[in-house]
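Peer 1:
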Amino acid sequence: MKIFLDTNVLISAYTARGISADLVRHILAEHDLVTGEVNLEELRRVLTNQFHAPADVVEAVVSALRAGIIAPRPAEPSAIPVRDPDDRWVLASAIESGADMLVTGDQDLLAVANVSPISIMNPRGCWERLRAGT
Numbered sequence: 001m002k003i004f005l006d007t008n009v010l011i012s013a014y015t016a017r018g019i020s021a022d023l024v025r026h027i028l029a030e031h032d033l034v035t036g037e038v039n040l041e042e043l044r045r046v047l048t049n050q051f052h053a054p055a056d057v058v059e060a061v062v063s064a065l066r067a068g069i070i071a072p073r074p075a076e077p078s079a080i081p082v083r084d085p086d087d088r089w090v091l092a093s094a095i096e097s098g099a100d101m102l103v104t105g106d107q108d109l110l111a112v113a114n115v116s117p118i119s120i121m122n123p124r125g126c127w128e129r130l131r132a133g134t
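First residue of the sequence shown: 1, per the working numbering; consecutive thereafter.
Rendered as structure tokens:
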């Protein structure tokens, strides 16, 4: 399964122990981890500016993620109305990547799950779905 991870899930996975870190390890072992250039830009910015991570650590994280599938920046944002316009770029990246699922903690993206052409769920929901084998 191709699973697209939003920036907030990646941040959680790399900065704390918990469900997101467990989820990333599971996806790397048994599925295809996907993210987008849009997300990598945000990841760099947040790790540097909010977490004050050293540049070499930030680049190590980005390099590790580049071993997976990276969706290029879409030509245009998703047409699905998402409250935060930046999230429309994330959604477009996930859709264009051919991912089966977008995993996010972002409430604006979760709010459009019922109209999205791909499944959108939070990390806990994804974990439970993967563990159940569905």
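Note that CB positions come from ideal geometry on N, CA and C, so glycine has one too. Just so you know, these numbers come straight off a predicted model, no measurement behind them.
Exposed or buried, methionine 1, counting other C-beta atoms within 10 Å across all chains shown (16 or more means buried)?
Peer 2: On the sequence shown, residue 1 is found 1 positions in, with the first residue counted as 1. Looking at its Cβ environment, which holds fewer than 16 other Cβ atoms inside 10 Å, methionine 1 is exposed.
Peer 1: If you draw a straight line from the alpha carbon of alanine 92 to that of alanine 60, how long is it in whole angstroms?
Peer 2: Working through the sequence shown from its first residue, we reach residue 92 at position 92. Working through the sequence shown from its first residue, we reach residue 60 at position 60. Each residue's alpha carbon lies about 26 Å from the other.
Peer 1: List, from N- to C-terminal side, the beta strand (DSSP E) runs of 3 residues or more that fit wholly inside the stretch 60-130.
Peer 2: For the stretch 60-130, whole beta strand (DSSP E) runs of length 3 or above, ordered along the chain, are 69-71, 101-103, 119-121.
Peer 1: Can the beta-carbon of aspartate 106 be found less than 8 Å from the beta-carbon of asparagine 8?
Peer 2: Numbered from its first residue, the sequence shown carries residue 106 at position 106. Numbered from its first residue, the sequence shown carries residue 8 at position 8. In this structure, asparagine 8 lies closer than 8 Å to aspartate 106 by Cβ.
Peer 1: Would you call the stretch 69-86 and the stretch 104-119 in contact, with 3 or more CB pairs under 8 Å?
Peer 2: The stretch 69-86, when compared against the stretch 104-119, does touch it at the 8 Å Cβ threshold.
Peer 1: Under three-state DSSP, which class holds aspartate 22?
Peer 2: The sequence position of residue 22 within the sequence shown is 22, counting from 1. In the structure shown, aspartate 22 sits in a helix (DSSP, three-state: H, G or I).
Peer 1: Assuming contact is defined by CB atoms lying nearer than 8 Å, are isoleucine 3 and valine 90 in contact in what I supplied?
Peer 2: To locate residue 3, count along the sequence shown from 1; it is residue 3. To locate residue 90, count along the sequence shown from 1; it is residue 90. Contact flag unset, no.
Peer 1: Use the C-beta contact count for aspartate 56: other C-beta atoms within 10 angstroms, 16 or more gives buried, fewer gives exposed.
Peer 2: As a first step, residue 56 is located in the sequence shown; it is residue number 56 there, counting from the start. By the 10 Å Cβ count, aspartate 56 comes out exposed.
Peer 1: Pull up the distance between the alpha-carbon of methionine 121 and that of glycine 18, whole angstroms please.
Peer 2: The residue given as residue 121 occupies position 121 in the sequence shown. The residue given as residue 18 occupies position 18 in the sequence shown. Methionine 121 and glycine 18: Cα-Cα distance of roughly 17 Å.
Peer 1: How should alanine 99 be labelled, buried or exposed, when 16 other C-beta atoms within 10 angstroms of its C-beta is the threshold for buried?
Peer 2: Working through the sequence shown from its first residue, we reach residue 99 at position 99. The residue in question, alanine 99, is buried, as its Cβ has 16 or more Cβ neighbours within 10 Å.
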